[in-house]
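Down below is the structure, laid out as structure tokens.
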Amino acid sequence: MESENPYNIEQKEITAFEEVFAAFLYYPFYFEDKLVNKRLKKIDSLRAKQRMTLVTAGEIEALIDKKRTEYHSDFPSFQLERLESAIHMVVRDWSSEGAEERKLTYSPVLHVLESFFHSIKKEDRFQIKVLVPGAGLARLAYEIAILNFWTQGNEFSFMMV
Numbered sequence: 000m001e002s003e004n005p006y007n008i009e010q011k012e013i014t015a016f017e018e019v020f021a022a023f024l025y026y027p028f029y030f031e032d033k034l035v036n037k038r039l040k041k042i043d044s045l046r047a048k049q050r051m052t053l054v055t056a057g058e059i060e061a062l063i064d065k066k067r068t069e070y071h072s073d074f075p076s077f078q079l080e081r082l083e084s085a086i087h088m089v090v091r092d093w094s095s096e097g098a099e100e101r102k103l104t105y106s107p108v109l110h111v112l113e114s115f116f117h118s119i120k121k122e123d124r125f126q127i128k129v130l131v132p133g134a135g136l137a138r139l140a141y142e143i144a145i146l147n148f149w150t151q152g153n154e155f156s157f158m159m160v
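Quick note on numbering: numbering that gives the first Met the number 0 labels position 11 of the sequence shown as 10, and the sequence is numbered without any gaps.
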């Protein structure tokens, strides 16, 4: 008798990866749809004379409907929202635009580590192990490693990996 896998872990991991992959594929259409809807609201707020100079809302809605059928509107929006969050994290964690937010978020952790282990020379810190659970895109783990601590970042979400 074959041993059963009651948690079906492998299939769950495959499914999770497929969902993340699909979110990356569908995101351009989702984002475009979001932008168009935002612009439609702005168009609706214009006076009639101003609106006449623009493409009609009906033409824009027809374009949205066409795109929606192209990317299967039944795709779970929560996956796309998670991807949007991941893109925000890329900007926060790895761009110059996110430097201030990183400073506010990560500096207190780095300061505590340096204060707590101040008596240990930097070249000997590699013996101290630091685990970063929920590491996201690993920027905090990276910053801790720069301080010469042995660092491991763990992340559950395929979206972040």
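C-beta atoms are modelled at their ideal positions from N, C-alpha and C, and glycine is treated no differently.
Relative to the C-alpha of residue i, which candidate in the options has its C-alpha closest?
i: Arg124; options: Asn153, Ile143, Glu18, Ala61; result: Ile143
i: Gly133; options: Trp149, Ser156, Lys121; result: Ser156
i: His117; options: Phe148, Trp93, Gly152, Ser76; result: Phe148
i: Lys204; options: Lys37, Tyr29, Ser44, Arg138; result: The structure shown has nothing for residue 204, since the chain only spans 0 to 160.
i: Tyr25; options: Lys11, Ser76, Asn36; result: Ser76
Using the Cβ count rule (16 or more neighbours within 10 Å means buried), how would you classify residue i?
i: Val111; result: exposed
i: Ala22; result: buried
i: Phe16; result: exposed
i: Thr14; result: exposed
Please state if the CB of residue j and the CB of residue i are separated by a distance shorter than 8 Å.
i: Leu136; j: Met88; result: yes
i: Val90; j: Glu99; result: no
i: Glu113; j: Leu146; result: yes
i: Ala85; j: Met159; result: yes
Could you give the residue range of the alpha helix (DSSP H) that holds residue i?
i: Lys102; result: 98-115
i: Gln151; result: Careful: Gln151 lies outside any alpha helix (DSSP H), inside the beta strand (DSSP E) at 149-153.
i: Leu130; result: Here Leu130 belongs to no alpha helix (DSSP H); instead the beta strand (DSSP E) covers 128-132.
i: Ser95; result: Counting along the chain, Ser95 falls outside any alpha helix (DSSP H), and DSSP gives it neither H nor E.
Do the region 112-132 and the region 73-86 meet, that is, are 3 or more Cβ pairs less than 8 Å apart? Flag = no, the region 112-132 and the region 73-86 do not touch.
Just checking, does the region 134-142 make contact with the region 98-118 on the three C-beta pairs under 8 Å criterion? Three or more beta-carbon pairs drawn from the region 134-142 and the region 98-118 are found closer than 8 Å, and the two stretches are therefore classed as touching.
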